[in-house]
Amino acid sequence: MRLACTDEGPGPAVVLLHGFPLSRAMWEPQVSGVGSIYRIIAPDLRGHGDSPAPEGVYTMDEMADDVLELLRTLHLDGPVVLGGLSMGGYVALSMVARYPDRIRALMLMDTRAGADTPDAAKKREEMAQAVIAAGNSGPVVEAMMPRLFAAQTLKDHPERVEPLRTVMEQNTARGIAGALRGMAVRPDRRGELAAIRVPTLVLVGEEDVLTPPSEAQALADAIAGARLEVVPEAGHLAPYENFAVANAVILRFLEGLDR
Ligand code: MLT
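Note that my numbering has the sequence shown beginning at 34, numbered continuously upward.
Next up, the structure:
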């Protein structure tokens with residue numbers, strides 16, 4: 034599948050995979066703040082943004098293979114820095130497990146390596162059906178909006194919150210359902226973390242209620258040499274909500290790779 038993609042900036046390639054139910058628009062602060070030094074490649078994963086939204090269950094492996102195909106199309110045949118937020122992190126973990134030689138370094142943001150509990154998987158299926166019945170992303174937007182952002186971001190920064198609401202509203206019911214069903218069947222990758230051999234940054238918003246700092250700590254503890262950075266005044270979308278701190282952390286990590 035040919036993914037829509039932002040490809041901006043000079044220098045070594047940094048691939049950024051967005052969360053659910055968003056699009057590459059969430060990386061705008063990184064394109065502005067990191068893209069002057071690094072080449073930011075941010076695709077819309079299948080079912081999101083401007084990429085196609087076919088019928089079916091979008092497994093994390095399938096999404097990862099879409100990204101690999103994109104890299105081939107861009108003639109990026111060597112290892113890249115790969116970052117993913119939440120669902121994008123699930124996809125990044127699929128890539129590093131299956132194509133370790135394509136990854137130079139990892140940035141796992143507001144994400145986890147575990148699978149869904151049976152209850153969580155059931156709730157995803159109920160949500161997929163609600164979205165299909167509504168014919169639009171409305172039910173998932175209403176359910177997720179209050180949980181994606183820190184309370185302070187919701188209150189004080191409508192200019193940050195509202196553009197992402199629009200992004201979520203523009204995603205189709207079919208794309209949302211495909212991603213929900215794919216996340217529900219994703220494997221537990223915790224046992225694979227010890228095999229990760231590349232420099233890894235684990236970043237989390239201090240007020241992330243969906244993948245809280247305790248999850249991020251567990252992730253960092255399981256990956257040799259991984260560094261945990263907790264971003265203050267941010268929820269589940271830390272690199273978007275508090276981009277000043279997150280970009281400084283990301284730049285420090287990227288600069289460290291060349292030393
Ligand atoms: C995301 O931000 O990608 C989602 O919260 C992931 C999930 O629902 O597990």
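All C-beta atoms in this analysis are idealised placements derived from N, C-alpha and C, irrespective of residue type, glycine included.
This one's a predicted model, so the numbers in the text were calculated from it and none came from an experiment.
Beta carbon of residue i nearer than 8 Å to that of residue j
{"i": "S170", "j": "M120", "result": "no"}
{"i": "T92", "j": "G208", "result": "no"}
{"i": "G296", "j": "L141", "result": "The requested residue 296 is not part of the displayed model; the chain covers only 34 to 292."}
{"i": "R131", "j": "A97", "result": "yes"}
{"i": "P112", "j": "D134", "result": "yes"}
{"i": "I165", "j": "A206", "result": "yes"}
{"i": "F276", "j": "G117", "result": "no"}
{"i": "V242", "j": "R145", "result": "no"}
{"i": "L226", "j": "I256", "result": "yes"}
{"i": "Q63", "j": "I73", "result": "yes"}
{"i": "T39", "j": "D143", "result": "no"}
{"i": "V90", "j": "I229", "result": "no"}
Proximal residues to residue i (C-beta, below 6 Å), its chain only, five neighbours per side dropped
{"i": "A138", "result": "V114, V231, P232, L290"}
{"i": "R260", "result": "L234"}
{"i": "M59", "result": "H51, Y273"}
{"i": "I70", "result": "G44"}
{"i": "F286", "result": "L234"}
{"i": "D149", "result": "A217"}
{"i": "D221", "result": "G147, A148"}
{"i": "L109", "result": "A46"}
{"i": "A253", "result": "V235, A259, L261"}
{"i": "V48", "result": "I74, V113, L115"}
Neighbourhood of residue i by C-beta distance below 8 Å, restricted to the same chain and skipping five residues each side
{"i": "A37", "result": "R57, P76, D77, G82, D83, S84"}
{"i": "M34", "result": "R79, S84, P85, P87, D99, E102"}
{"i": "G258", "result": "P232, T233"}
Cβ-based neighbour list, residue i, same chain, cut-off 7 Å, excluding 5 preceding and 5 following
{"i": "A183", "result": "G238, E240, E266, A267, G268, E274"}
{"i": "R223", "result": "A146, G147, A255"}
{"i": "A210", "result": "A161, V164, I165"}
{"i": "R198", "result": "V174, M178"}
{"i": "G68", "result": "E41, G42"}
{"i": "V263", "result": "V237, E239, P246"}
Would you be able to state if there are at least three C-beta pairs under 8 Å between the region 189-206 and the region 97-113? At 8 Å Cβ cutoff, the stretches do not touch.
Which residues count as close to the ligand MLT when the rule is a CB under 5 Å from any of its heavy atoms, in chain order? G52, F53, S119, M120, L243
Three CB pairs or more closer than 8 Å across the region 258-272 and the region 54-72: Between the region 258-272 and the region 54-72, the count of C-beta pairs closer than 8 Å reaches three or more; the two stretches touch.
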